[in-house]
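Trainee:
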Amino acid sequence: TQLLEQSPQFLSIQEGENLTVYCNSSSVFSSLQWYRQEPGEGPVLLVTVVTGGEVKKLKRLTFQFGDARKDSSLHITAAQPGDTGLYLCAGAFDPGTASKLTFGTGTRLQVTL
Amino acid sequence: EAQVTQNPRYLITVTGKKLTVTCSQNMNHEYMSWYRQDPGLGLRQIYYSMNVEVTDKGDVPEGYKVSRKEKRNFPLILESPSPNQTSLYFCASSLYAWSGYSNQPQHFGDGTRLSIL
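Below, the structure written as structure tokens:
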């Protein structure tokens, strides 16, 4: 079973601060997704990255896929309380079954005023 | 509205009493999957289905059964539930399963919280 490690596990910051969340694996991803999950709900897709070195931006969120496609990062600029939630990375390792995802353990982010 | 619907949302039951958690999607998706989410362990895949009548084990299939007789439905069956199956369960679906469609968002239901006493 491929493993995905996320760090940090927990992050508590104040509004306006910047933060970075990391997702690492010893295996090469065919593609990687980031999800955000709020209490009482299922995860919701934020972005998919496919190409090594790819950078995608979603408003104040910047997602980067490592050149070797073994790691990814999520950077949030000027965090807001609405960013609070559980952030999950999910990798597809086998391009033959692209929908079969392995999830990381998650980073729980709390942004306070 | 496109959605994945799970029922029930909450269930408290006792060891050994068979139960079924239903999952239905209205997006004509090929791929469906069940996950369990436990503190510190993240989301772990139980079973998945590439299409009707095609199911396969995920990472933690012991104690669970599934069936995919229709494209829209993918029930999760616990024949003899035990306390270690107490968890938060999610059903998810995506449009395609096979390679060439790697940008597949998975659409999740809102979860079923199971407590087995």
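These protein sequences, in sequence, are chains A and B.
First residue of the first sequence? That's 10 in my numbering, and the numbers climb one at a time after it.
First residue of the second sequence? That's -11 in my numbering, and the numbers climb one at a time after it.
Every residue gets a Cβ at the ideal spot worked out from N, C-alpha and C, and that includes glycine.
1) Do S70 (chain B) and P63 (chain B) have their CB atoms nearer than 8 Å?
2) Ordered along the chain, which non-local residues of its own chain (more than five positions away) have a Cβ less than 6 Å from that of V48 (chain B)?
3) For V(-5) (chain B), does the three-state DSSP call read helix, strand or coil?
4) Name, going along the chain, the residues of the stretch 32 to 44 of chain B whose beta-carbon falls closer than 7 Å to a beta-carbon of chain A.
5) Name the DSSP beta bridge partners of T111 (chain A), please?
6) Is any beta-carbon of chain B found at less than 8 Å from that of E47 (chain A)?
7) For Q73 (chain B), does the three-state DSSP call read helix, strand or coil?
8) May I ask you to check if the CB of S37 (chain B) is nearer than 7 Å to at least one heavy atom of the ligand ADP?
9) Counting C-beta neighbours from all protein chains within 10 Å, is the total for F74 (chain A) 16 or more, i.e. buried, or is it exposed?
10) In or out: F19 (chain A) buried (at least 16 other Cβ within 10 Å) or exposed?
11) Excluding sequence positions up to five away, which residues of its chain have a Cβ less than 6 Å from the Cβ of N33 (chain A)?
12) Express the C-alpha separation of H17 (chain B) and Y84 (chain B) in angstroms, rounding to a whole number.
13) Between the Cα of L66 (chain B) and the Cα atoms of B:K59, B:Y(-2), B:T3, B:R(-3), which residue gives the shortest distance?
14) Select from B:V9, B:M15, B:Y19, B:K53 the residue whose C-alpha is nearest the C-alpha of N39 (chain B).
15) On the three-state DSSP scale, how would you describe V30 (chain B)?
16) With DSSP as the reference, label D92 (chain A) as helix, strand or coil.
17) Are the stretch 82 to 102 of chain A and the stretch 33 to 45 of chain A in contact at 8 Å, needing three or more beta carbon pairs?
18) Could you check the C-alpha separation between T10 (chain B) and N(-5) (chain B) for me, to the nearest Å?
19) In chain A, which residues lie with their C-beta within 9 Å of the C-beta of L29 (chain B)?
20) P49 (chain B) touches chain A at which residues, Cβ-Cβ below 8 Å?
21) Go ahead and label A77 (chain A) buried or exposed: buried means 16 or more other beta carbons lie within 10 angstroms of its beta carbon, across all protein chains shown.
22) Consult DSSP for F78 (chain B) and reduce its assignment to one of helix, strand or coil.
Mentor: In terms of the structure at hand:
1) no
2) R32, I34
3) Note that residue -5 (chain B) corresponds to Asn in the displayed sequence, not to Val. Strand, per DSSP.
4) Listed by position, the residues of the stretch 32 to 44 of chain B near chain A (Cβ gap below 7 Å) are Y36.
5) A:G100
6) no
7) It is helical.
8) For the ligand ADP, the structure offers nothing, since it holds no ligand at all.
9) buried
10) exposed
11) E14, D80
12) Approximately 7 Å between the Cα atoms of the pair.
13) B:T3
14) Among B:V9, B:M15, B:Y19, B:K53, the Cα nearest to that of N39 (chain B) belongs to B:Y19.
15) What sits at residue 30 (chain B) in the sequence shown is Gly, not Val. Here G30 (chain B) sits in strand by DSSP.
16) helix
17) Three or more Cβ pairs closer than 8 Å define a contact, and the stretch 82 to 102 of chain A meets that threshold against the stretch 33 to 45 of chain A.
18) 5 Å
19) T114
20) None at all; the shortest Cβ gap to chain A is about 12 Å.
21) exposed
22) strand
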